[in-house]
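Working notes for the structure below.
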Amino acid sequence: MINWLIKALLSNRYIYDIAKNSYNTVSNRNRTINTDIPEITPFSFIGSDIQEKRINLLVPALSEKHVFGGIATALRFFEELTKLYPLARIIVTDETSVQLKNDQFYSNWNVQDIGNPDLSTNLIVVSGNRVGQDLPIAENDYFLTTAWWTTFNAFKMLDWQKYKYQLDDFRKLIYFVQDFEPGFYSWSTRYALSESTYRKPNKTIPIFNTKLLNDFFLEQGYKYDSSFYFDPLLNPVLNKLRQGLTNVSKEKQILIYGRPSVERNLFELIVQSLNYWAEKDERSSEWKVLSAGEYHEPIELPNGLKIESVGKLSLEEYADLLARSSIGVSLMLSPHPSYPPLEMSMFGMKVITNTYANKDLRDLVSNVYCPKSLDPEDIYLELKDCCRRDTKVIEHKNEVFSNSEIEFPFVDELVKLIR
Ligand code: TRH
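When we follow UniProt numbering, the leftmost residue of the sequence shown carries the number 1, and every step to the right adds one.
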């Protein structure tokens with residue numbers, strides 16, 4: 001009864017604001033303010049005698065549980081680069097230990113914690129615990145960065161390298177840009193820091209994941225002397241599995257890309273839309289709703305329906321679900337298309353996804369439907385329509401994923417540029 005009363009009072013915006021302000025005042029009184037940004041904990045450096053050219057990849061994490069689309073694509077690109085350099089090193093910036101996936105090109109490389117002597121072999125350096133430890137940097141180290149803070153940290157590596165080895169100019173790093181990352185935050189310190197990494201054209205050669213993202217950066221006015229973009233491949237493992245699953249029958253199953261902890265994937269919005277749909281579409285009870293991406297508790301919907309979470313699946317299980325499901329709902333509030341809507345479409349599903357800035361996948365990919373706005377009611381209307389559309393897979397078009405076997409045709413040209 002008391003809980004119900006509190007809930008009812010807090011649903012009033014005015015009372016909610018008063019309660020929130022009082023709570024903040026009391027809880028701020030004894031609080032020490034933490035101004036750390038752990039991702040940019042400084043590295044300290046030490047010289048290295050290694051003479052061979054070495055390509056260094058900086059990634060936040062390498063353990064399998066963290067490898068979704070972004071890191072997987074960066075690793076494919078890095079693998080191509082390793083073929084052009086005698087030595088390679090992966091610097092893991094955030095994890096304090098790594099559990100590597102088997103059968104990867106780096107699976108049997110030496111793994112060491114930061115602070116150990118440099119080795120003239122391919123190497124993985126785990127740097128999550130870097131305070132008081134030095135990272136060896138050689139004159140012939142070259143850098144490929146991924147998330148904004150790996151780039152922020154690598155700029156310091158370039159500064160130190162130029163100073164230590166008296167280089168005439170900064171060696172440019174290769175910045176693998178897979179989204180407009182300031183958008184991962186509200187207007188804030190992290191927004192500002194991540195945006196700052198796009199404003200050092202004298203130190204960067206960006207590689208944009210998709211033409212859509214490349215065009216978004218151009219429209220925002222960022223300029224570089226040289227840059228490249230690529231059309232990503234449908235994950236090669238998924239592609240292979242897809243060929244064996246073409247005859248699987250579609251079920252009355254809706255699959256959502258459900259990642260409650262990744263704000264840009266708009267989990268709450270999907271749940272709100274499904275609530276409308278379960279309540280208002282008189283045929284909703286004919287369907288089953290599954291959520292894949294990240295585990296969460298089951299969510300009750302009206303009319304006895306439920307969103308069941310299957311968590312992060314192996315690629316084999318994910319492919320199987322894509323093949324059996326009829327409709328996908330996968331949102332991402334960013335100019336990058338994100339992979340799941342494209343994967344759903346490639347497996348013959350009808351896909352509901354959002355537009356953003358210059359992104360409109362309806363122009364580029366078959367079976368894609370976009371709501372008029374991101375009002376959950378508009379998403380519900382699109383979903384209701386999709387539930388009534390023929391489940392037959394129509395002729396397929398996908399102009400975002402690459403049609404060629406070669407995902408990064410520009411690697412030779414790129415490597416020449418940063419000699
Ligand atoms: O790595 P990601 O978090 O995505 C990043 C960013 O979203 C970035 O904005 C985007 O530009 C960049 O990728 C390309 O995760 P993403 O792309 O959403 O991950 C999708 C991949 O995850 C998909 O290709 C297959 C894999 N996957 C699983 O392995 N298991 C699962 O259950 C699911 C649902 C996906």
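Each residue gets a CB set at the ideal place from its N, CA and C atoms; glycine is no exception.
- DSSP places proline 182 within a helical segment (H, G or I) once states are collapsed to three.
- For the ligand TRH, a non-hydrogen atom lies closer than 7 Å to the CB of glycine 293.
- Under the 10 Å beta carbon count, tryptophan 187 is surrounded by fewer than 16 other beta carbons and is classified as exposed.
- For the pair serine 314 and asparagine 265, the Cα-to-Cα distance works out to about 20 Å.
- Distances from the CB of leucine 313 to the heavy atoms of the ligand TRH include at least one below 7 Å.
- The region 359-368 makes no contact with the region 255-273, as fewer than three CB pairs between them are under 8 Å.
- Non-local beta-carbon contacts of threonine 150 in its own chain, meaning distances under 7 Å to residues more than five positions away in sequence, involve Leu58, Val59, Pro60 and Thr93 in chain order.
- Between the region 34-43 and the region 100-112 there are fewer than three C-beta pairs closer than 8 Å, too few to call the two in contact.
- Annotated three-state conformation of threonine 145 is strand, per DSSP.
- By the Cβ rule, the region 374-384 does not count as touching the region 167-177, because fewer than three pairs are nearer than 8 Å.
- The three-state secondary structure of leucine 135, taken from DSSP, is strand.
- Sequence-distant partners of valine 411 (beyond 5 residues in either direction) whose C-beta falls short of 7 Å from its own C-beta, in its chain, are Glu80, Leu81 and Leu84.
- The residue from Asn354, Ile55 and Lys250 with its alpha-carbon nearest to that of arginine 324 is Lys250.
- Relative to the ligand TRH, the nearest heavy atom lies less than 7 Å away from the CB of glutamate 343.
- Listed in chain order, the non-local C-beta contacts of aspartate 134 below 7 Å within the same chain comprise Ser44, Phe45, Ile46 and Gly115, local neighbours out to five positions each way being set aside.
- DSSP, read as helix, strand or coil, puts phenylalanine 208 in strand.
- In the displayed model, glutamate 268 falls within a helix according to three-state DSSP.
- Between the region 200-219 and the region 338-353 there are fewer than three C-beta pairs closer than 8 Å, too few to call the two in contact.
- When Leu119, Pro232 and Lys211 are compared, the shortest CA-CA separation from threonine 73 is found for Pro232.
- Looking at the DSSP output, asparagine 56 sits in a beta bridge with Arg89 and Phe143.
- One alpha carbon belongs to aspartate 159, the other to leucine 144, and they sit about 15 Å apart.
- Just so you know, the alpha carbons of leucine 123 and leucine 193 end up roughly 29 Å apart.
- Collapsing the DSSP output to three states places asparagine 398 in a strand.
- Taking a contact to require three or more Cβ pairs closer than 8 Å, the region 210-224 and the region 286-294 do not qualify as touching.
- Scanning its chain for C-beta atoms nearer than 7 Å, with the 5 sequence neighbours on each side dropped, one finds around tyrosine 276 the residues Pro376, Glu377 and Tyr380, in chain order.
- Secondary structure of serine 261 (DSSP, three-state): coil.
- A residue is called buried when at least 16 other Cβ atoms come within 10 angstroms of its Cβ; valine 131 does not meet this threshold and is exposed.
- Counting only runs of 3+ residues, the beta strand (DSSP E) found wholly inside the UniProt domain "WsaF C-terminal" (252-383) occupies 288-293, 306-311, 325-329 and 350-352, in chain order.
- Judged by DSSP in its simplified three-state form, valine 126 adopts strand.
- Between the alpha carbons of serine 284 and alanine 278 lies a gap of roughly 5 Å.
- In this structure, proline 260 has its beta carbon at no less than 7 Å from each heavy atom of the ligand TRH.
- Here isoleucine 50 is buried, its C-beta having at least 16 other C-beta atoms within 10 Å.
- DSSP places serine 120 outside both helix and strand once states are collapsed to three, so it counts as coil.
- By the criterion of a C-beta distance shorter than 8 Å, proline 117 is surrounded in its chain by Pro136, once the five residues flanking it on both sides are discounted.
- Annotation for cysteine 387: no residue places its beta carbon closer than 6 Å to its own, counting only its chain and skipping 5 residues before and after.
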